[in-house]
Amino acid sequence: MIYLNGQFMPLEEARIPVLDRGFIFGDGVYELIPVYSRHPFRLTEHLQRLDASLKEIRLPNPHTVDEWARLVREVIARNPWEDQSVYLQVTRGVAPRDHAFPVGADPTVFLMANPLSTPPQEQVEKGVVCVTAADNRWLRCNIKSISLLANVLLRQVAVDAGAVETILLRDGFLTEGSASNVFVVRGDTLLTPPKNHLILPGITYDVVLELAASGGIPSEVREVSEFELRSAQEVMLTSSTKEILAVVELDGRKVGSGRPGAVFQQLYRLYQEFKARVMRTPAPPQALTG
Ligand code: PMP
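See below:
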């Protein structure tokens with residue numbers, strides 16, 4: 200069951216007009232919220248990032264945080280899976296094709312749920328292979344835009360190479376993955392690039408930095424050079440669906456020992472414990488009637 204502009208319906212019945220500016224211009228933003236045992240993970244933070252994306256594209260938020268939270272919980276309750284990924288998207292609505300903002304168009308609001316697919320155990324235990332590419336995206340990567348063509352093309356670079364993710368470099372510095380944030384370990388310190396216009400401010404990125412602090416792992420948020428990435432003892436990917444994954448091979452060269460490292464192991468364990476705590480919190484969502 201999905202939600203579209205005020206109504207819940209089966210996905211197959213959902214229709215949007217071809218003049219939706221999401222379809223015509225990619226003029227919209229989205230969020231993806233992981234749900235564990237029917238508990239949305241970091242819901243407030245996802246809704247805050249949604250609000251920030253909407254502000255960046257100058258689209259008034261069609262809902263309050265409470266309204267959004269109710270919609271998310273309702274979609275979760277109406278779908279059969281315990282673990283879900285809830286996707287939500289807002290576009291600038293339906294209007295005659297003209298680049299300029301339409302006057303009087305209502306935004307299109309869409310939510311759907313899918314079964315959550317986290318990485319297979321083999322990827323967690325053995326780590327994953329990545330490649331690098333030049334980050335040729337625009338300079339507003341902090342917006343969670345549905346215009347994902349550059350990310351799509353960059354991700355395919357990994358797929359074509361039999362790799363899991365493409366790690367991006369801009370002007371000799373690490374930015375992020377095509378659909379993930381990147382952390383490296385040098386010495387005993389966890390490093391990751393700062394949140395700015397060059398990366399998406401990942402929700403998992405924040406969780407990992409908090410877990411590092413709680414676990415006594417020193418961390419530094421600062422620019423990471425290509426050299427530092429390539430000579431790191433450990434490299435990790437984070438995202439809502441990848442959670443934390445160790446990168447054990449980059450562009451055909453081993454990362455560190457070629458096996459998931461100690462910092463990854465500790466962060467992965469802390470992440471799973473943190474998830475388990477979230478799942479034990481009370482008040483699992485109830486379906487509204489009607
Ligand atoms: N960067 C990019 C480009 C992404 O697409 C994603 C995943 N949506 C992330 C980082 C990770 O963000 P999050 O931890 O919120 O899933």
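Start counting at 1 in the sequence shown, then tack on 199, and there's your number in my numbering. Every residue, glycine too, gets a C-beta built ideally from N, C-alpha and C. Just so we're clear, the structure is a prediction, and the values are computed from it rather than from any experiment.
Own chain, CB closer than 8 Å to residue i, minus 5 neighbours either side, in chain order
i, result
"I443", "T403, V407, M435, L436, T437, F463, L466, Y467 and Y470"
"G225", "S344, I345, S346, L347 and L348"
"L201", "The displayed chain sequence assigns Ile, not Leu, to residue 201. Answer for I201: F207, M208, P209, L210, A213, V274, F309, L310, M311 and A312, listed in chain order."
Coil, strand or helix - residue i by DSSP
i, result
"Q206", "strand"
"I232", "strand"
"L405", "Reading off the sequence shown, one finds Asp at residue 405, where the question assumed Leu. Looking at D405 - three-state DSSP - the assignment turns out to be helix."
"S316", "coil"
"G227", "strand"
"N395", "coil"
"S252", "helix"
"D265", "helix"
"K441", "coil"
"M435", "strand"
"K474", "helix"
"L487", "Confidence at L487 is low in this model, with a pLDDT of 44, below 50, so the placement of that residue should be treated as unreliable; the coordinate-derived value is given next. Coil, per DSSP."
"A411", "helix"
"F426", "helix"
Alpha carbon of residue i to alpha carbon of residue j, nearest angstrom
i, j, result
"P411", "V356", "Before going further, note that residue 411 is Ala rather than Pro in the sequence given. One C-alpha to the other measures close to 31 Å."
"R452", "T331", "11 Å"
"T391", "I416", "13 Å"
"Q320", "E425", "29 Å"
"S316", "D359", "21 Å"
"Q258", "G386", "This sequence places Leu at residue 258; Gln is not what is there. Approximately 44 Å between the Cα atoms of the pair."
"V420", "G303", "43 Å"
"A475", "S236", "9 Å"
"E281", "P301", "40 Å"
"V289", "L353", "24 Å"
"A333", "A378", "14 Å"
"L253", "H262", "11 Å"
"T243", "D297", "34 Å"
"L399", "I215", "28 Å"
"D405", "S413", "12 Å"
Close Cβ partners of residue i (< 6 Å) along its chain, the five nearest in sequence each way excluded
i, result
"L246", "V264 and W267"
"T488", "Interpretation of T488 is limited by its pLDDT of 38, a score under 50 that renders its predicted location unreliable; the figure taken from the coordinates is listed afterwards. Same-chain partners within the cutoff: there are none."
"V217", "none"
Spatial neighbours of residue i in its chain, beta-carbon cut-off 7 Å, leaving aside the 5 residues before and after
i, result
"P484", "With a pLDDT of 49 at P484, under the threshold of 50, the modelled position of this residue cannot be trusted; read the value that follows with caution. If we look at P484 and ignore the five residues flanking it on each side, its Cβ neighbours are R237, R272, I275 and A276."
"N204", "T307 and V308"
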